[in-house]
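S.K.: Here it is, the structure in full.
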Amino acid sequence: MLAPDTRRVLLEALRPPEGFHIDRALATTYTLDLMAMLTAPLAFSLFDGIGGKADASSSAEASEHLNPFALLKAVRAHAERTTVFCQSTRISAPPRYQRLLAYLEDSVVEVNAPSEGGVFHPKMWALRLVGSEGEVAYRVLCLSRNLTFDPSWDTALVLDGDLADRQRAFSANRPLADFFRALPSLAVRPPPQRVLDDVARIASELERVRFEIPEPFEDLRFHPLGLPGYTRPPLETAPRTLIVSPFVTAPALEELAAGGILVSRLDELAKLPPESLAPFEVHVLHDGAEMLEFSDAGETPAQGGEDSPPPSGLHAKLFVQDEGWNAHVWTGSANATSAAFHQNVEFLVQLTGKKKQVGIDALLDGRQGEPGLRALLASWTPPEKPTEEEPSAKALEERLRVVRNQLGRVTWIAEITEGPDGYATRLRSEAPVVIPADLAVIVWPISLPRDTFARPLESHAGHAGVDFAARSFEALTAFFAFSLTTTVGEQRAEAVFVVTAILQNAPANRAARILQSMLDDPAKVLRFLRMLLASDPLDILEGLAGLEMTGADPAGPRAGAGAEVPLLEAMVRTLDRDPSRLDAIHQVVQDLLSTEEGRRLLPDGFLAAWEPLWAARKFLTGEVAA
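For reference, each letter of the sequence shown is one residue, going 519 to 1144 in our numbering.
What follows is the structure, encoded as structure tokens:
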């Protein structure tokens, strides 16, 4: 179980074993935070430089990876080798735009479930790893957490394995391979050929990976749901089942278990009839676990849907059944709902081990001195009567859902026209779209503020479209935010989401120009140098956000000595605690000093502060005499 404040644990799960680097990555998620997605190629780039890459063995090579342009180029390269499949219209609008998000435009594939009324809900990763001798290995992650920054209690399973030198597939791996192989067929629009090639290669190789079974388990099985050939629930009704699920429906409880222990959320349990809960010992997270506050608690998930919990709370999905001396544990994306097992696309991994080690009581009470799940639980007291959602609220939600789904099933084209004032954009739907008269839809590029640039979606010969006046090159994007609002009586509801469009007539050198614009004034260089002293990808992502700021600074246009104080203090601390991290700063300084343009980008007064620090660093390593 992952606590809500362990985002970094997930990043560590993406770190390749020593001697390997990440060659390709496929991921699936229901909701998607683009900034959270950006942490993956950023982390992969840092892993290469910090020692994960097989051919980056020396500190000089590692420092080269932290050269500003080298790092940004590496982020771009890894983004082009990473693909995320997500439910259409479940991309959240970022609170602020980063130009690096442009590198994700061809790496996000919006999909829909094959079943009417179902959603695409799995949370999986497949990492193709390559070693120094060309050997191939894989890491597969099965999560309950979406690719977002939502702090919540979740589960994570990490499976490692080597690609076996054999022609025949391992039959146990076929469901896993079939799952990834099916992803392109679910796409709203055909994915790029690069994505098709990556999926085909990874799916084929996954069939021949010999996975290590994590201790203390003895067997594992893969269970995709909601795809052709994979529609039967992997669980059978048992006398006693432990169910951990933030979302619950009465028919699913009856189907999955005759009784046992149920752990869910207060608001979900309050909706269920008493007779559905009678066979269960019912629990919720105790107040201390449910109400933990975190630094990112202000981040909000995409609106609506079975998998949209509050910013914190229970989000894990776990099913445990005892069988004789053994026990079976299913973990992954499926909630205890009828939709999860009969409509959605989901993924579960089944682990089998000895009951005394991984059974219901062992998980609840702990073993070998480790606390169990029960330490996080409190008994649930039922309300006097089940909570019922107001009919008007249901009507609002349904009205938004219908239009949202319609907008998410069409292809959007963004036509770019260059003119003397910049680049104008026309967004249009490739298929007809019908918007009810009592529902308002506005659209804006996520690179521009909503308040200033949102425009109403209009109908042109049955197709939807909107025109955006000419803006700067940096404002070009394939990501467009939609806001849907409607009212019933005095109640008003809104849904905000992002869709990806096909960019037409975009400048051919767009990627290179974006890279150059990230470090084009002394203030941005100063922020970059400060960022290099961080070792955590999430902290570095915050530093990259600073590169989006203009050169204007309270200390003046050249960001003089006053603005350098935080960097100077950070470098002094680094000299004391981890002097080797100053090597990256040295590499950047040398690169900038090598050209006239680079020297112009060094802030005034920086060298006077830096040179004594670098001399001290060399003295500590014995490169200079006292």
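Built from N, CA and C at the ideal position, the CB exists for glycine as well.
Given the structure is predicted, the values throughout are model-derived calculations rather than measurements.
#1: Which value, in whole angstroms, describes the spacing of the CA atoms of PRO769 and SER722?
#2: Can you tell me whether PHE1137 is buried or exposed? The criterion is at least 16 other CB atoms within 10 Å of its CB, across all chains shown.
#3: Please return the same chain residues whose Cβ sits closer than 8 Å to the Cβ of ARG719, not counting the five positions on each side in sequence.
#4: From the DSSP output, which residues share a beta bridge with PHE1000?
#5: Pick helix, strand or coil for THR1139, following the three-state DSSP scheme.
#6: Quick one: Cα of GLY937 to Cα of PHE991, how far?
#7: Determine the burial state of THR666: buried for a count of at least 16 other Cβ atoms within 10 Å of its Cβ, exposed for fewer.
#8: May I ask you to verify whether the segment 706-720 touches the segment 530-546, counting CB pairs closer than 8 Å and requiring at least 3?
#9: At 4 residues or longer, and completely inside the segment 875-961: list those alpha helix (DSSP H) runs for me, N to C.
#10: Can the beta-carbon of LEU1002 be found closer than 8 Å to that of ALA1024?
#11: Pairs of beta-carbons, one from the segment 859-872 and one from the segment 734-747, closer than 8 Å: are there three or more?
#12: Please look up how many angstroms separate the CB atoms of ASP551 and SER610, rounded, as I've assumed it's under 8 Å.
#13: To which residues of the same chain is GLU725 closer than 7 Å at the C-beta, ignoring the five residues directly before and after it?
#14: When you compare only the Cα positions, how much space is there between SER703 and ALA631?
#15: Could you spell out the range, first to last residue, of the alpha helix (DSSP H) harbouring GLU1114?
#16: Cutting at 8 Å between CB atoms, please list the residues of its own chain near THR1139, excluding the five before and the five after it.
#17: If I follow the unbroken beta strand (DSSP E) through GLN605, where does it start and stop?
#18: Apart from the five residues on each side of it in sequence, which residues of its chain come closer than 6 Å, Cβ to Cβ, to GLU1129?
#19: What is the DSSP secondary structure of ILE731, counted as helix, strand or coil?
#20: Hey, which unbroken runs of the alpha helix (DSSP H) at 4 residues or more fall wholly within the segment 742-785?
#21: Rounded to whole angstroms, what's the CA-CA distance from VAL838 to LEU528? Just pull it up for me.
#22: Taking its Cβ as the centre, do 16 or more other Cβ atoms sit within 10 Å of SER650, making it buried, or is it exposed?
#23: Classify LEU1125 as buried or exposed, calling it buried when 16 or more other Cβ atoms lie within 10 Å of its own Cβ.
#24: Quick test of your reading: PHE603 and THR546, contact by CB under 8 Å. State the CB separation rounded to the nearest angstrom.
#25: In whole angstroms, what is the alpha-carbon distance linking GLU653 and ALA588?
#26: So, for MET555: in the same chain, excluding its five sequence neighbours on each side, which residues have a beta-carbon less than 7 Å away from its beta-carbon?
#27: The beta strand (DSSP E) that contains ASP566, what's its start and end?
#28: Could you give the residue range of the alpha helix (DSSP H) that holds ALA655?
#29: How should GLN685 be labelled, buried or exposed, when 16 other C-beta atoms within 10 angstroms of its C-beta is the threshold for buried?
#30: Sorted by chain position, which residues of the same chain lie with C-beta nearer than 6 Å to GLU579's C-beta, five sequence neighbours on each side aside?
#31: Given this structure, state the Cα-to-Cα distance separating VAL876 from ASN844, to the nearest angstrom.
#32: Would you report the Cα separation of CYS660 and VAL676, rounded to the nearest angstrom?
#33: Smallest Cα separation from TRP1132: which of GLU841, ALA1102, ARG1118, PRO1121?
#34: What are the boundary residues of the alpha helix (DSSP H) that includes ASP696?
#35: Of the choices GLY635, LEU1111, SER563, MET553, whose alpha-carbon is the least far from that of ALA858?
#36: For LYS641, count the other beta carbons within 10 Å of its own beta carbon; 16 or more makes it buried, fewer makes it exposed. Which is it?
M.R.: By the coordinates alone:
#1: About 37 Å.
#2: The residue is exposed, with fewer than 16 neighbouring Cβ atoms inside 10 Å.
#3: Leaving aside the five residues that flank ARG719 on each side, the residues in its chain whose CB is nearer than 8 Å to its CB run, in chain order, ARG542, ARG646.
#4: DSSP lists VAL961, PHE1015 as the beta-bridge partner residues of PHE1000.
#5: Coil at THR1139, not helix or strand.
#6: Looking at the two C-alpha atoms, the distance is approximately 11 Å.
#7: Per the 10 Å Cβ criterion, buried.
#8: A contact between stretches requires three or more CB pairs, one per stretch, nearer than 8 Å, and the segment 706-720 meets this requirement with the segment 530-546.
#9: The segment 875-961 contains these whole alpha helix (DSSP H) runs: 878-883, 909-926.
#10: Not a contact, by the Cβ cut-off of 8 Å.
#11: Touching, per the Cβ criterion.
#12: Confirmed, about 5 Å.
#13: ALA687, PHE688, ASN691, ARG692, ALA695.
#14: In a straight line, the C-alpha of SER703 is about 10 Å away from that of ALA631.
#15: 1114-1119 is the extent of the alpha helix (DSSP H) around GLU1114.
#16: Close CB contacts of THR1139 within its chain, under the 8 Å cut and outside five residues either way in sequence, are with PRO1097 (chain order).
#17: It spans 600-605 - the beta strand (DSSP E) in which GLN605 sits, taken as one unbroken run.
#18: Cβ within range, chain order: n/a, list empty.
#19: Three-state DSSP puts ILE731 in coil, outside helix and strand.
#20: Listed in chain order, they are 768-774.
#21: Approximately 23 Å, taken between the alpha carbons.
#22: Exposed, since its Cβ has fewer than 16 Cβ neighbours within 10 Å.
#23: Classified as exposed, LEU1125 has fewer than 16 neighbouring CB atoms from the shown chains inside 10 Å of its CB.
#24: Confirmed, about 5 Å.
#25: Whole-angstrom Cα-Cα distance: 26 Å.
#26: So the qualifying residues of the chain are VAL602, LEU622, LEU665.
#27: Where ASP566 is concerned, there is no enclosing beta strand (DSSP E), given that its DSSP letter is neither H nor E.
#28: Judged by DSSP secondary structure, ALA655 falls outside any alpha helix (DSSP H) and instead within the beta strand (DSSP E) spanning 654-661.
#29: Exposed.
#30: For GLU579, the predicted structure reports a pLDDT of 47, less than 50, and the residue's modelled location is therefore unreliable. The matter cannot be settled from this model.
#31: Their Cα atoms are separated by approximately 8 Å.
#32: Looking at the two C-alpha atoms, the distance is approximately 7 Å.
#33: Of GLU841, ALA1102, ARG1118, PRO1121, the residue nearest in Cα terms is ALA1102.
#34: Looking at the DSSP string, the run of the alpha helix (DSSP H) that includes ASP696 is 692-700.
#35: Answer by Cα proximity: GLY635.
#36: With 16 or more other Cβ atoms within 10 Å, it is buried.
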